[in-house]
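>
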Amino acid sequence: MSAQTDTPGSATAVYQVSGMSCGHCEGSVSGEISQLPGVSSVKAVASTGEVTVVSAAPLDEEAVRAAVDEAGFELTGRA
């Protein structure tokens, strides 16, 4: 199920990330994605592998993929 909600001034997208297993993993992924321009909020949940990102505008999926890769995990697509 793809979740993207565009409201004035923000976009929310949910991504699926493989390999997260603990709070440290969540923090690593959140930290890298939060450095992307325009990102205002990131919530990673290791138990489901879902990462919810709120940004000023829709993000380029390749930029998100690169950030997740930098954290040591794999973006498998949209949730």
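Numbering-wise (the working numbering), the sequence shown opens with residue 63 and increments by one. Note that CB positions come from ideal geometry on N, CA and C, so glycine has one too. These figures come from a predicted structure and were not determined experimentally.
Exposed or buried, what is residue 118 when buried is set at 16 or more other beta-carbons lying within 10 Å of its beta-carbon?
Flag for residue 118 reads exposed.
> Entirely within the region 80–133 and at least 4 residues each: give me those alpha helix (DSSP H) ranges in chain order.
The region 80–133 contains these whole alpha helix (DSSP H) runs: 85–96, 123–132.
> Going straight from the alpha carbon of residue 122 to that of residue 89, what length do you get?
Distance between the alpha carbons of residue 122 and residue 89 is about 21 angstroms.
> Would the beta-carbon of residue 133 fall within 8 angstroms of that of residue 91?
Going by C-beta atoms, residue 133 is nearer than 8 angstroms to residue 91.
> On the DSSP letters alone, give me the boundaries of the beta strand (DSSP E) that residue 139 sits inside.
Counting along the chain, the beta strand (DSSP E) containing residue 139 begins and ends at 136–140.
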